[in-house]
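Line by line, the protein sequences give chains A and B.
For the first sequence, the numbering used here gives the first residue as 625, with consecutive numbering after it.
For the second sequence, the numbering used here gives the first residue as 1002, with consecutive numbering after it.
Here a beta-carbon is modelled for each residue, glycine too, at the ideal position from N, C-alpha and C.
Since the structure comes first, as structure tokens, the remarks are kept for the end.
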Amino acid sequence: MPRLTLKGLGKAYGSLKVVDNVDLALQEGEFVCLLGPSGCGKTTTLRMIAGFVEPTEGSISMNGEVLSAPGAVLPPERRRMSMIFQSYAIWPNMTVAENVGFGLQLQKLPSAEIRTRTRQILDVVQMGHLADRYPAELSGGQQQRVALARAIVVKPSVLLLDEPLSNLDANLREEMRFEIRRLHDEFRITTVYVTHDQSEAMATADRIAVMNAGRIEQVDAPHLIYTQPRTRFVAAFIGRTNLLEGQLANGEIGLDGFSLRAAQLGQKVPDAARPILLSVRPQAMSLSRSQPQTREGRPVLAATVAQRTYLGESWDYVVHPQEGGLQLRVTAPPLQVHEVGEKVWLELDPQQIAIVS
Amino acid sequence: MTESAAILTKTEAEGARRPGLLRRLRYLEPSNLLWILLIAALLFLVAVPIGKLLIVSFEKQGSGDFTFANYATAYGRVRYLEALGNSLMLGGLSALLAVVFAVPLAWAVSRTDMPGKGLTWAMVMGAFIMPPYLGAVGWILLAGPNSGFINQAWTWLTGLQAPLVNVYSFFGLALVISLHSFPLIFIFVKSALDLISSEMEDAANILGAGTWTTTRKVTLPLVWPAVLGGIIVVFLETVALFGTPAIIGIPARINVVTTQLWQFFEYPVRVEVAAAYAMPLLLITIGMIAVQKLLLARKGFVSQTGKGGERRPIRLGRWRWVVLGYCGFVGLLAVLMPLAVLLQASFAKAWGRGLSWDNLTLGNYGYLLFRHEMALPSIWNTLWFSAASATAAVVIAVLVAYIVARKLVPFGSVLSFLAMAPFVIPGIVMAIGFYAAYAAPPIALYGTALIIILAFTARFLPIAFANSAAAVRAVHPEMEEAARILGGGRLLTVRRITAPLIIRSLIGGWLIVFIVASRELSAAVFLVGPRTRTMSVLLYDLSEAGNFEVLAAFGGLLLAITLILVAIGMKLAGRDFMLRRS
Chain A
625 MPRLTLKGLG KAYGSLKVVD NVDLALQEGE FVCLLGPSGC GKTTTLRMIA GFVEPTEGSI
685 SMNGEVLSAP GAVLPPERRR MSMIFQSYAI WPNMTVAENV GFGLQLQKLP SAEIRTRTRQ
745 ILDVVQMGHL ADRYPAELSG GQQQRVALAR AIVVKPSVLL LDEPLSNLDA NLREEMRFEI
805 RRLHDEFRIT TVYVTHDQSE AMATADRIAV MNAGRIEQVD APHLIYTQPR TRFVAAFIGR
865 TNLLEGQLAN GEIGLDGFSL RAAQLGQKVP DAARPILLSV RPQAMSLSRS QPQTREGRPV
925 LAATVAQRTY LGESWDYVVH PQEGGLQLRV TAPPLQVHEV GEKVWLELDP QQIAIVS
Chain B
1002 MTESAAILTK TEAEGARRPG LLRRLRYLEP SNLLWILLIA ALLFLVAVPI GKLLIVSFEK
1062 QGSGDFTFAN YATAYGRVRY LEALGNSLML GGLSALLAVV FAVPLAWAVS RTDMPGKGLT
1122 WAMVMGAFIM PPYLGAVGWI LLAGPNSGFI NQAWTWLTGL QAPLVNVYSF FGLALVISLH
1182 SFPLIFIFVK SALDLISSEM EDAANILGAG TWTTTRKVTL PLVWPAVLGG IIVVFLETVA
1242 LFGTPAIIGI PARINVVTTQ LWQFFEYPVR VEVAAAYAMP LLLITIGMIA VQKLLLARKG
1302 FVSQTGKGGE RRPIRLGRWR WVVLGYCGFV GLLAVLMPLA VLLQASFAKA WGRGLSWDNL
1362 TLGNYGYLLF RHEMALPSIW NTLWFSAASA TAAVVIAVLV AYIVARKLVP FGSVLSFLAM
1422 APFVIPGIVM AIGFYAAYAA PPIALYGTAL IIILAFTARF LPIAFANSAA AVRAVHPEME
1482 EAARILGGGR LLTVRRITAP LIIRSLIGGW LIVFIVASRE LSAAVFLVGP RTRTMSVLLY
1542 DLSEAGNFEV LAAFGGLLLA ITLILVAIGM KLAGRDFMLR RS
């Protein structure tokens, strides 16, 4: 039985549906990211799980017991969860140790045990030496560690994180990302993590649920979200890509200016005539000056460079195939320099092309 | 929301039986109950007195029949209309003078390298906490037409008998009022100036504008909304002021709205006429505050967000001594001179004889403390009325602020509207409303301590509310949510997390209300009975009797009490707790 189940969950303010028919099940010890642009309903979903927001449709249950349903919401304090907030919400009137011990105090544990567990967890997040400081004396990253310790020390049934890294600067964000994953590997707490930052989601999650306009578009492991996006939104939102519309007929996919054989693609396609949408990542193509030897099934197109941007780690080219009206973004290594207007050969790797729909 | 839902699941578990009315009442959420209680309290404190004032103005005395006669009486005599005109002119002139005093000081303290900023700041603070009617008494001693110190010095210097200055004049009255109200404009303008980054001025400098041009064309226009806001506030304060116009204006035969209202309360009391006569005051206040909101909303002074940008003081060079001189001059007029003569008089056998050993006595204080039958009771009354109303105002305010900020009930904005409403009601109008609503049977509060405490509570509720709302807003809701998700209920969360975080601001707010309540005159003078006189009212009584030595000594006592409270406030809530602009 899954630990946490969202079934047909919805939240509407008047006629505005913020969260719409969300289904999601988390296994014990699983780490799931809710990923999406701002306003997609991910934070509302998280706050419904926490019990701060009442759903207008569907239900949330833990270990088979219903926690939230329209008109019947177990208050947050009785859910045995813990949460890390965007603002950290470290109480400025308590020391680090008092902050961390607060949840244990509420569980009415003996004070000796509170002290031991507080000290242990502070050592785990490398904050043991600052236990008696007040939050105002801590840096943003240190406050974040206190928030982590405070949430983990109570051994919650579910840990919720609401954009916990959005207030940190870039370097620290990367460090804390691995810290969060490390703590998860150590304690295996069932975790729901909300973020709009895909690299954060990729680095931390077991599975990512991509949300858009209140709905979950796709739930999958990070590499599958990237390589096999199921919807146009997911393909465009995660990483950069070229979306190509085509027509499938007789095992052949007709695109603007060229065609592919369906059998060459990495994914199997049911052989029925229909319109089809492909996602071709910029890395799935390569450019060359001279015509490459035609390898089995790899389409090669003559093209012109229309635009280029140097990004340091790579070149980002926009090319026009000579046949048809397509514009494709292609990534090339830093030493491969082409001028705008130059004639180039474009080679596609069908294995890396994903069928979106 | 969540509690009621939890209860719902419980009732469902207990059975499908539909709960009876009593049972449902038991399950009523506490915050809803509190909401009802607060609405009732606010209606009682704010809506009923003002409503009653409106109704009474259309009632015939005795019978209660509908009539326009009160309005006919109130506006039927040239003298009454003149008083209205006088009030408006006085407000305008005082506001203008206050700008002349305040804006250079605010600019000097905020933007320049003038020395003695701390001293200037302390002086403005002094002008702010000195009760206005005490300043008025001080200026009578200074600029009374014959025996005033300034005129005596003039005669001594020049041999001329004609007085140099006369406080008993329209200009004298306006000057004395502006000397106590200019700190309001100072606070507004200084906090606006504090937000302007030097880059704004640098941008003008680089295009070729000198310091003076830049200040005139860039800096001051940027704070124009603050200046305008200050002018409006001073204008409204002046129009609603009772003490100074009564002490200076009545002997000078300058009649204004507030003193005229007071005359309607002399025997036989004509509340109905007073109510009708108070209407313009109410309308002007509401109108001006609406105008202020409109004006400030229309102009997009974005620089006032004040993000980033380095701030450097303007180097004045030799001019800084000139600017400091001006600050000192204002300080002399507003605080040092009146205070000095008041203190001198309070220790003198006869104030006109000046400083000399044989004129020195503690008799005035001794008389007040040991022989005067009302002095000590009035001190006690002032202290406990102020404490009670400060407590009531802060409790109501913080409950309303919390409920509104956390959206615990639907239509919370009704609560905050009622709590802020007294802001647009002049104290004197409020007092007449309270008199009309609660003085007579069946409630019959006239002459009780309760009616004064209630009136003070209502009058200063907006101060307490603004303070509490800012305090509650400063506590991020996630602070509370963090405690709840770890297992704390709402009450525990408020007790362990929210209360410790806001308590300091609340103490600051409590002290502010206490201080303004302890010197409040315009509402008290209409509501006190023989046994409930406050220090401010007794001071006014003494000024009518004309015994300036005793009066000065009593003023000294009032000032001492205020200073002690301010000192406590600075210790607990920060140096600028009274002058902070929320």
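Just verifying my parser: in three-state terms, what is the DSSP assignment at A/Gly870?
The residue given as residue 870 of chain A occupies position 246 in the first sequence. The three-state secondary structure of A/Gly870, taken from DSSP, is strand.
Name the chain B residues that come within less than 8 Å of A/Met620, Cβ to Cβ?
Examination of residue 620 of chain A is not possible in this model, given that chain A is present from 625 through 981 alone.
Span separating the alpha-carbon of A/Gly727 from that of A/Leu698:
Taking the first sequence and counting its residues from 1, the one referred to as residue 727 of chain A is at position 103. Taking the first sequence and counting its residues from 1, the one referred to as residue 698 of chain A is at position 74. The straight-line gap from Cα to Cα measures roughly 18 Å.
So, is B/Ser1435 buried or exposed, given that buried needs 16 or more other C-beta atoms within 10 angstroms?
Sequence index remark: in the second sequence, residue 1435 of chain B carries index 434 (1-based). Looking at the sequence shown, residue 1435 of chain B is not Ser but Phe. Residue environment analysis places B/Phe1435 among the buried positions, since at least 16 neighbouring C-beta atoms fall within 10 angstroms of its C-beta.
Roughly how far, in whole angstroms, is the beta-carbon of B/Tyr1138 from the beta-carbon of B/Gly1413, given that I think they are within contact range, below 8 Å?
By 1-based counting over the second sequence, the position of residue 1138 of chain B is 137. By 1-based counting over the second sequence, the position of residue 1413 of chain B is 412. According to the sequence displayed, residue 1138 of chain B carries Val and not Tyr. Not confirmed; about 45 Å, so no contact.
Could you confirm whether any beta carbon from chain A is found closer than 7 Å to the beta carbon of B/Leu1370?
Taking the first residue of the second sequence as position 1, residue 1370 of chain B is located at position 369. No, its Cβ sits nowhere closer than 7 Å to a Cβ of chain A.
State whether the segment 741-758 of chain A contacts the segment 663-678 of chain A, with contact taken as three or more CB pairs (one from each stretch) at a distance under 8 Å.
With the cut-off at 8 Å, the segment 741-758 of chain A and the segment 663-678 of chain A do not touch.
Can you list the residues of chain B that A/Leu730 reaches, using a CB-CB cut of under 7 Å?
As a working note, residue 730 of chain A is residue 106 in the first sequence. Simply Leu1487, Gly1488, Gly1489.
Determine, for A/Asn874, whether the minimum Cβ-Cβ distance to residues of chain B falls below 7 Å.
One-based indexing of the first sequence puts residue 874 of chain A at position 250. Chain B places no beta carbon closer than 7 Å to that of A/Asn874, leaving this residue out of the contacts.
Would you mind reading off the limits of the alpha helix (DSSP H) that contains A/Thr668?
Position 44 of the first sequence, counted from the start, is the residue given in the question as residue 668 of chain A. Unbroken alpha helix (DSSP H) run through A/Thr668: 666-674.
Distance, B/Leu1039 Cα to B/Ala1459 Cα
In the second sequence, the residue the question calls residue 1459 of chain B occupies position 458. In the second sequence, the residue the question calls residue 1039 of chain B occupies position 38. In this model, B/Ala1459 and B/Leu1039 are separated by some 13 Å (Cα to Cα).
Can you tell me the Cβ-Cβ gap for B/Phe1461 and B/Ala1394, rounded? I've got them flagged as a contact below 8 Å.
To locate residue 1461 of chain B, count along the second sequence from 1; it is residue 460. To locate residue 1394 of chain B, count along the second sequence from 1; it is residue 393. About 5 Å; that satisfies the 8 Å criterion.
B/Tyr1541 (DSSP reduced to helix, strand or coil):
Residue 1541 of chain B sits at position 540 when you count from the first residue of the second sequence. In this structure, B/Tyr1541 counts as helix in the three-state DSSP scheme.
Strictly below 7 Å CB to CB, what residues from chain B border A/Trp715?
For the purposes of this step, residue 715 of chain A is taken as residue 91 along the first sequence, with counting starting at 1. Counting only Cβ-Cβ distances below 7 Å, A/Trp715 has contacts in chain B at Met1480, Ile1498, in chain order.
Tell whether a beta-carbon distance below 7 Å holds between B/Val1258 and B/Ala1070.
Sequence index remark: in the second sequence, residue 1258 of chain B carries index 257 (1-based). Sequence index remark: in the second sequence, residue 1070 of chain B carries index 69 (1-based). Cβ distance not < 7 Å, so B/Val1258 and B/Ala1070 don't count as in contact.
Relative to the alpha-carbon of B/Lys1408, which residue among B/Ala1470, B/Ser1357, B/Met1421 has its alpha-carbon at the smallest distance?
As a position in the second sequence, residue 1408 of chain B is number 407, starting the count at 1. That would be B/Ala1470, whose Cα lies nearest to the Cα of B/Lys1408.
Short CB-CB distance (under 7 Å) between B/Leu1419 and chain A
Start at 1 with the first residue of the second sequence, and residue 1419 of chain B comes out as number 418. Chain A contact via Cβ: absent.
Quick one: Cα of B/Val1331 to Cα of B/Phe1102, how far?
Numbered from its first residue, the second sequence carries residue 1331 of chain B at position 330. Numbered from its first residue, the second sequence carries residue 1102 of chain B at position 101. Whole-angstrom Cα-Cα distance: 7 Å.
With DSSP as the reference, identify every bridge partner of A/Trp939, one or two as the case may be.
Translated into positions along the first sequence, residue 939 of chain A becomes position 315. The partner list for A/Trp939 (beta bridge, DSSP) reads A/Tyr934, A/Ala956.
Nearest neighbour of A/Ala873, chosen from A/Leu884, A/Tyr817, A/Tyr712 [CA to CA]
One-based indexing of the first sequence puts residue 873 of chain A at position 249. For A/Ala873, the closest C-alpha among the options A/Leu884, A/Tyr817, A/Tyr712 is that of A/Leu884.
In chain order, what residues of the same chain have a beta carbon less than 7 Å from the beta carbon of B/Phe942, not counting five sequence neighbours either side?
No answer is possible for residue 942 of chain B: the residues shown for chain B start at 1002 and end at 1583.
Given a threshold of 16 other Cβ atoms within 10 Å of its Cβ, counted over all protein chains shown, does B/Met1338 qualify as buried or as exposed?
For the purposes of this step, residue 1338 of chain B is identified with residue 337 of the second sequence, where counting begins at 1. The residue is buried, with at least 16 neighbouring Cβ atoms inside 10 Å.
To the nearest angstrom, how far is it from the Cα of B/Ala1554 to the Cα of B/Asp1542?
Walking along the second sequence from the start, residue 1554 of chain B turns up at place 553. Walking along the second sequence from the start, residue 1542 of chain B turns up at place 541. Going from the Cα of B/Ala1554 to the Cα of B/Asp1542 covers about 14 Å.
A/Met707 versus A/Pro780: straight-line alpha-carbon distance, rounded
Position 83 of the first sequence holds residue 707 of chain A. Position 156 of the first sequence holds residue 780 of chain A. Whole-angstrom Cα-Cα distance: 9 Å.
Only counting the same chain, and skipping five residues up and downstream in sequence, which positions put a Cβ closer than 8 Å to that of B/Thr1260?
Within the second sequence, numbered from 1, the residue matching residue 1260 of chain B stands at position 259. Sequence-distant Cβ neighbours of B/Thr1260 in its own chain, meaning closer than 8 Å and more than five residues away, are Ala1084, Phe1243, Pro1246, Ala1247, Gly1250, Ile1251.
Touch check for the segment 946-953 of chain A and the segment 884-901 of chain A: three-plus C-beta pairs under 8 Å?
In the pairwise beta carbon analysis, the segment 946-953 of chain A is classified as not touching the segment 884-901 of chain A: fewer than three pairs are separated by under 8 Å.
What residues of chain A sit near B/Leu1502, judged by a beta carbon separation below 9 Å?
Translated into the one-based positions of the second sequence, residue 1502 of chain B becomes position 501. Within chain A, the residues near B/Leu1502 are Trp715, Pro716, Asn717.
Taking 8 Å as the threshold, find out whether the segment 750-760 of chain A comes into contact with the segment 713-733 of chain A through three or more Cβ pairs.
These segments touch.
Return the residues of the segment 674-697 of chain A that lie within a Cβ-Cβ distance of less than 7 Å from chain B, sorted by chain order.
Here the close residues are Ala674, Gly675, Phe676, Glu678, Gly695, Ala696, Val697.
Straight-line Cα distance separating B/Val1401 from B/Phe1424
Start at 1 with the first residue of the second sequence, and residue 1424 of chain B comes out as number 423. Start at 1 with the first residue of the second sequence, and residue 1401 of chain B comes out as number 400. Those two C-alpha atoms are separated by around 16 Å.
Spatial distance of B/Gly1307 from B/Val1190 (CA atoms)
Taking the second sequence and counting its residues from 1, one reaches residue 1307 of chain B at position 306. Taking the second sequence and counting its residues from 1, one reaches residue 1190 of chain B at position 189. Bear in mind that a pLDDT of 43 at B/Gly1307, under 50, signals an unreliable position, so the model cannot answer this.
Helix, strand or coil: which one does DSSP assign to B/Arg1505?
Translated into the one-based positions of the second sequence, residue 1505 of chain B becomes position 504. B/Arg1505: helix per DSSP, three-state reduction.
Does B/Phe1243 come out as helix, strand or coil in the three-state DSSP assignment?
Taking the second sequence and counting its residues from 1, the one referred to as residue 1243 of chain B is at position 242. DSSP places B/Phe1243 outside both helix and strand once states are collapsed to three, so it counts as coil.
Can you tell me which of B/Ala1456, B/Val1517, B/Gly1119 puts its alpha carbon nearest to the alpha carbon of B/Leu1044?
Here the question's residue 1044 of chain B lines up with position 43 in the second sequence. Nearest C-alpha to B/Leu1044 among B/Ala1456, B/Val1517, B/Gly1119: B/Ala1456.
Taking B/Pro1164 as the reference, which of B/Ser1148, B/Leu1487, B/Gly1093 has the closest Cα?
Locating residue 1164 of chain B in the second sequence gives position 163, counting from the first residue. Nearest C-alpha to B/Pro1164: B/Ser1148.
I want to verify the contact list: residues of chain A whose CB lies under 7 Å from the CB of B/His1477, in sequence order.
Along the second sequence, read from residue 1 onward, the residue named residue 1477 of chain B stands at position 476. For the C-beta of B/His1477, the chain A residues within less than 7 Å are, from N- to C-terminus, Ser711, Ala713.
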